[in-house]
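Asker:
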Amino acid sequence: MTVPVPVRPPTTAPAPPAASQRPSVKEKLSFFAGNFGNILLSTTISSFLLLYLTDVLGIAAAAVGTLLLVVRIIDSLVDPFVGYAVDHLPATGRGRFRTYLLIGGVLGGLSFAALFLAPALLPGPLVVAWIVYLLWGIAFPMMDIPLNSLLPVMTSDQKQRGSLAAIKGFTYLFGGMLVIAVTLPVVGMFSSERTGWMLFCAAVAVLAVVCTTTAALGVRERVRPTRTDKYGPRDLLRIFSGGRAAGVLLTAKVSTSAASAATLATMPFYFLYNVGDKGLVTVAALVMMVPMAGGSVLAPALAARIGGKPVYAGALTVAAAGNATLFFMPYDTVPALMCCLAVAGFGIGAAVTLNYVLLAELTDYVEWRHGHRAEGALASLASFAAKAGGGLGGAATAYCLGLFGYVPGADQTQRAMDGIRYAQAGVPLALILIGGGVFLAYPITRRVSVTITEELTARRATASAQGTSDDE
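Using the numbering used here, you'd call the opening residue of the sequence shown number 697 and step up by one each time.
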């Protein structure tokens, strides 16, 4: 492999002493809070928006599927522009990203509340849903991209990055499963299901804004650019097209995000209609939560030893095995169903956490090859993948239900139940296999990562020595 020769000075300030690269417990708790607020909003939408629009508001499943797919594709195109803007907005006293996280959190909370309230309160719920869902898709990146940009700038220490990635991955999994576990019971406490949904989602929006504000005020940005000039559109194009790393990671993350979205979106239907016990949705969420947490903690530690690529591929293999087994399980074998979900959960938990490790690794890779740090642009890659994957997974679920004759709120035919089974296990399995196959081409192995770290460290040391010489 030919090592690229830098044509520009390094873009990152010289690494401070190791102690100053270690985020405090308070910062880690604040980071946890920000990610918790983020996942409250996104999981409620990915897991229950389809159910809400079909069973509560009475919109046809196929119409909702088109809404989920088309709007998510359109608004996902916003992500690169938001990422570019975040990288080019002026730094404030709080750094490059924290102020914009604060603003984005408020916009995200307001648009989330509107998504569940406006279609229920205004005439023409389908048209209103199209409008507010598009607004949500524009507002959420303003919250999500600054948040995802924080991890690479909170520390340059690889172990500390792994710790932050574990916190982020665990928070997303814990928060996601918590939302799945409590949403239906809380909504069911109200005499009117529609009122229950509106009040619950309004409360979630407020809590998310509080959590995001806590993160924006509580973390520190340590890794700062030394150059005052910014990369241009041509540089950005070169970053995304000058090598396969970004494209492979994007494709793999879209596929795995779609698989996760399909799993979460179908779970209420699966236990309500196929298994016949709505209360098991909460149990299933709890059953998946523990192995997910285990995977999210184990994966970064294992990746630090043998590299992120083999661990990520192994995680997808485990998730695929769990879904494949679930597909063939009879509905009355509840303990076996739960075991399958636990296995799949372990694999998903590991993969979700490693996504953030790989994204931070990709940030260093881009600096190594192209001479620019582009946290916002690369965070938009993750946001785009999650959004496009969520839309694809939700749409695949809705189309699968519609294709097999699902009727909202009615006793389902055997054909409709087969469609729910395909959506719960078959669709995620296919998507995981696609993502895993593409990821095999990911070029950043452990050996490459070590080379990158060593060379960037040397460049920063050289820049520091040159700066000292110039001062003298």
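Glycine residues also receive a C-beta, built at the ideal position from the N, C-alpha and C atoms.
In its own chain, which residues sit with a C-beta less than 8 angstroms from the C-beta of R718, not counting the 5 before and 5 after it?
Answerer: Within the same chain, Cβ atoms closer than 8 angstroms to the Cβ of R718 are found at T851, D853 and Q856, the five residues on either side in sequence being excluded.
Asker: Using only CA atoms, which one of P964, A781 and Y969 lies nearest to V875?
Answerer: The alpha carbon of V875 has as its nearest neighbour, out of P964, A781 and Y969, the alpha carbon of P964.
Asker: Cα separation between S845 and Y1095?
Answerer: 34 angstroms
Asker: Residues in its own chain within less than 7 angstroms of G914 by CB, not counting five upstream and five downstream?
Answerer: K722, E723 and S726
Asker: For G791, write down the residues that DSSP places opposite it in a beta bridge.
Answerer: Bridge partners of G791: T788.
Asker: So, helix, strand or coil for Q1110, using DSSP?
Answerer: helix
Asker: Between L736, G884, D783 and V766, which has its C-alpha nearest S1076's C-alpha?
Answerer: D783
Asker: Evaluate A1032 with the Cβ neighbour count: other Cβ atoms within 10 Å of its Cβ, from every protein chain shown; 16 or more gives buried, anything less gives exposed.
Answerer: exposed
Asker: How long is the line joining the alpha carbons of L903 and L806, rounded to whole angstroms?
Answerer: 12 angstroms
Asker: Using a 10 Å radius around the Cβ and a threshold of 16 neighbouring Cβ atoms, would you call D1169 buried or exposed?
Answerer: In the structure displayed, the chain extends from 697 to 1168; residue 1169 sits before or after that span and is not available.
Asker: Find the nearest neighbour of A980 within the set L746, G872 and P837, judged by alpha-carbon distance.
Answerer: The option with the nearest alpha carbon to A980 is G872.
Asker: Based on Cα-Cα distance, which residue from N1051, G791, A1016 and G1004 lies nearest to R1143?
Answerer: When each option's Cα is compared against that of R1143, the closest is G1004.
Asker: Using the rule of at least 16 other Cβ atoms within 10 Å of the residue's Cβ for burial, across every protein chain shown, is E1150 buried or exposed?
Answerer: exposed
Asker: Looking at the secondary structure, which residues open and close the alpha helix (DSSP H) in which I1130 lies?
Answerer: V1123 to F1135
Asker: Report buried or exposed for V1103, applying the criterion of at least 16 other Cβ atoms within 10 angstroms of its Cβ.
Answerer: exposed
Asker: Quick one, which of A999, G1043, G1115 and T952 has its alpha-carbon nearest G1087's?
Answerer: T952
Asker: Using three-state DSSP, classify G1003 as helix, strand or coil.
Answerer: coil
Asker: Kindly list the residues whose CB is nearer than 7 angstroms to the CB of A835, restricted to its own chain and excluding five residues on each side of it in sequence; keep chain order.
Answerer: L803, G804 and S807
Asker: Can you look up L1152 in the DSSP assignment and give me helix, strand or coil?
Answerer: Reduced to three states, the DSSP call for L1152 is helix.
Asker: Could you tell me the alpha carbon to alpha carbon distance between V679 and T879, rounded to whole angstroms?
Answerer: Since the displayed the chain opens at 697 and closes at 1168, residue 679 lies outside it and no answer follows.
Asker: I need the DSSP call for G1101, collapsed to helix, strand or coil.
Answerer: Three-state DSSP puts G1101 in coil, outside helix and strand.
Asker: In chain order, what residues of the same chain lie with their CB nearer than 7 angstroms to the CB of A1091, ignoring the 5 residues before and after it?
Answerer: G761, L764 and L765
Asker: Does the pairing of the stretch 744 to 759 with the stretch 956 to 976 give three or more beta-carbon distances under 8 angstroms?
Answerer: yes
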